[in-house]
Amino acid sequence: MRIYHDRDANLGLLESRRIAVIGYGNQGRAQAQNLRDSGLDVVVGNREDEYAARAREDGFGVLPIGEAAAEGDVVLLLIPDEVMPELFSAEIAPHLDRGDALVFASGYTVAFDLLALPPDVDVVLVAPRMIGAGVRDLYQAGHGFPSFIGVAQDVSGQARALALALARGIGSTRMGVVEVTFAQEAELDLFTEQCFGPAFGQVLTSAVDLLLEEGYPPEAVLLELYMSGEFSYTLAKIAELGLVEQSALHSRTSQYGSMSRGMRFVLPELRSRMRQGLDEIRSGAFAQEWAEEQAAGAPTLAALKEAARSLPLHELETRLRQELADTPGLVPQRTGATATGLEPGGRLEAAARQGTLRRLWRRVRGRPTAAPASAAPGPALGTEQLEEVLGRFLARAADDAALQAFARERHMTTHYRLRDVGIEFYLRFDEGQVSGGLGAPPAPAEVVLETEAEVLDGMLSGRLNAMRAFLGGKLMFEGEGKLAITVQQIQDDLQRLYTGARN
Ligand code: NDP
């Protein structure tokens, strides 16, 4: 694999060409300013609003998007990927001339065929591996940042050279640039967002949950695991020195402990789930699902965000951040862990002494959901009673008009597994028919939900929010994520039927 630097890039290729930067947000503002400071001719295209005003304040000429696209010989599309398809066909494509170049900072829309690209223009990728603010700050400080470049259409025969020239103009070849395809860029980006990041998030929340359950002070747990900034500092060192070499920065006890115990966490399941995520990305299934979700007004995204905000950890983090921010000398994300607030007299020490956060934790944990008063728990059910209740629930579900309506145009089985009591049951939704039974379904289910009896009873009695149980790791699913989420639509009906059966 080749890494390109300044010496491989000829800025002269851009000298006689006008660059139109469409969008003046995170990347747009940073890249427009860097390209101008590299001596290039830049015009900004934006709707008339605060982004346009900011571009003018920064000294740029601003045109309506269509006019900027017509003016530019090299057109950088620095708007959100979600809005790109519509904007592209309406305002960009009609204004492109033969020989122009289209430049993307993300491979998504091209990789998943969401745009009708004119055949007579160069199409290249210059995708910084850096947030917009970093693109600008590092450029001004005389440093670089890595980018991926790529070529989807090379009409001029100079598309790669053009991408390199742009990478040099924004300051990226100072550090190094790697060539990939549009698909590789998009897939890697989505993999990080959908597999690596969430897997890591689950590691973090499992650790927090376990340590709090074991009675460690919440403020100490959050600081120890990530909120002190020590962990992010270590990640920066891993980037700088490598995973192996950075271990020299830790004590020998730490080195021995983490290396000798690390093998426990080699989980084949983790790898297979990552592969499943990658398959969905590569096949275009995710892009399709996300397009449909947006067309519907993104209701699932809204529900997931709301559930995430209602997790006990969120409230705890917010409080701890306030305590930390009040502590002089303690700046979140600092690079040297000096002041912690835990030093005598610090705000955090005072808060810890008073047990503020501990009380908060007890309060938020003891309040599993904002349950309606009518959702009283009822007596805990023994295994046999639960089986009886489920039997009645499934019989009622089969005859329920609301569930039958949900079952229209669907072919889906949901298989519930209660791992602590060994009970399984399923519900099948098939062309308007609802059926179900105790035990495993006759054919493999599209959605498998695994949890404990108490959590299921809480969810179906309305005491526990299913989305929150899922995000909190108390409800696990296998199968098709999108279908699992659709079950949320009938949550109220399932609760009604279960509560009836339970009473
Ligand atoms: P932003 O969300 O910051 O983009 C905001 C800009 O897009 C504003 O100028 C806004 O103007 C314009 N915009 C938003 N909606 C519309 C619309 N419907 N019609 C016209 N203009 C619109 O985007 P980013 O900078 O985050 O992302 C731009 C590209 O860079 C994407 O392809 C992204 O994947 C990629 N990228 C982003 C990174 C990042 O750091 N965020 C990192 C690497 C790549 P207004 O609302 O005024 O119309």
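Numbering (the working numbering), first residue to last: 39 to 541.
All residues carry an ideal CB built from backbone N, CA and C; glycine is no exception.
Within the segment 470-510, complete alpha helix (DSSP H) segments of at least 4 residues are found at 491-498 and 504-509, given in chain order.
Between residue 143 and residue 65, the C-beta spacing is below 8 Å.
Beta-bridge annotation (DSSP): residue 440 is not paired with any residue.
Residue 467 sits close to residue 445, with the two beta carbons spaced by under 8 Å.
Counting only beta-carbon distances shorter than 6 Å to the non-hydrogen atoms of the ligand NDP, the qualifying residues in chain order are 61, 62, 63, 64, 65, 66, 84, 85, 87, 89, 116, 117, 118, 119, 121, 125, 143, 144, 165, 166, 169 and 170. A distance below 6 Å between beta-carbons, with the five flanking residues on each side excluded, links residue 342 to no residue of its chain. Residue 71 and residue 166 have their alpha carbons spaced roughly 15 Å apart. Residue pairing by DSSP puts residue 140 in a beta bridge opposite 113 and 161.
Listed in chain order, the non-local C-beta contacts of residue 275 below 7 Å within the same chain comprise 284 and 287, local neighbours out to five positions each way being set aside.
Along the length of the segment 324-360, whole alpha helix (DSSP H) runs at least 4 residues long occupy 337-347, reported in chain order. Taking the Cα positions, residue 470 is about 22 Å away from residue 517.
Its Cα nearest to that of residue 447, the residue 521 stands out among 521, 480 and 426. Taken through DSSP and simplified to helix, strand or coil, residue 430 comes out as helix. Per the C-alpha coordinates, the member of 442, 492, 348 and 481 positioned closest to residue 425 is 492.
Burial state of residue 528 is buried, judged by a 10 Å Cβ sphere holding 16 or more other Cβ atoms. If the five residues before and after residue 109 are omitted, its C-beta is found closer than 7 Å to the C-beta atoms of 56, 58, 81 and 101, all from its own chain and listed in chain order. Less than 8 Å separates the beta-carbon of residue 355 from that of residue 260. Beta-carbon to beta-carbon, residue 429 and residue 240 are separated by about 34 Å, too far to satisfy the 8 Å threshold. Inclusion of residue 490 and residue 455 in the CB contact set at 8 Å is not warranted, their separation being larger than that value. The criterion of a C-beta distance shorter than 8 Å is satisfied by residue 163 and residue 188. For the pair residue 186 and residue 279, the Cα-to-Cα distance works out to about 21 Å. Close CB contacts of residue 78 within its chain, under the 7 Å cut and outside five residues either way in sequence, are with 52, 57 and 207 (chain order). Here residue 41 has 214, 215 and 216 as same chain residues with Cβ atoms under 8 Å from its own Cβ, once five neighbours each way along the sequence are excluded.
Residue 67 is classed as buried because its beta carbon has at least 16 other beta carbons within 10 Å across all chains shown. Taking a C-beta distance under 8 Å as the contact criterion, residue 535 and residue 435 qualify as a contact pair.
For the options 427, 86 and 487, the alpha carbon positioned closest to that of residue 451 is the one of 487. Distance from the Cα of residue 195 is smallest, within the candidate group 478, 158 and 303, for 158.
Residue 456 carries a strand assignment under DSSP once its states are collapsed to helix, strand and coil. Shown here, residue 462 sits in a strand according to DSSP, grouped into three states.
Annotation: the continuous beta strand (DSSP E) that includes residue 187 extends over 185-191. Check the Cα spacing between residue 95 and each of 505, 118, 62 and 111: the tightest is with 62. DSSP, reduced to helix, strand and coil, places residue 105 within a helical segment of the structure shown. Here the alpha carbons of residue 232 and residue 331 stand approximately 16 Å from one another. Listed in chain order, the non-local C-beta contacts of residue 170 below 6 Å within the same chain comprise 64, 65 and 68, local neighbours out to five positions each way being set aside. In the DSSP annotation of this structure, the continuous segment of the alpha helix (DSSP H) that includes residue 269 starts and ends at 268-279.
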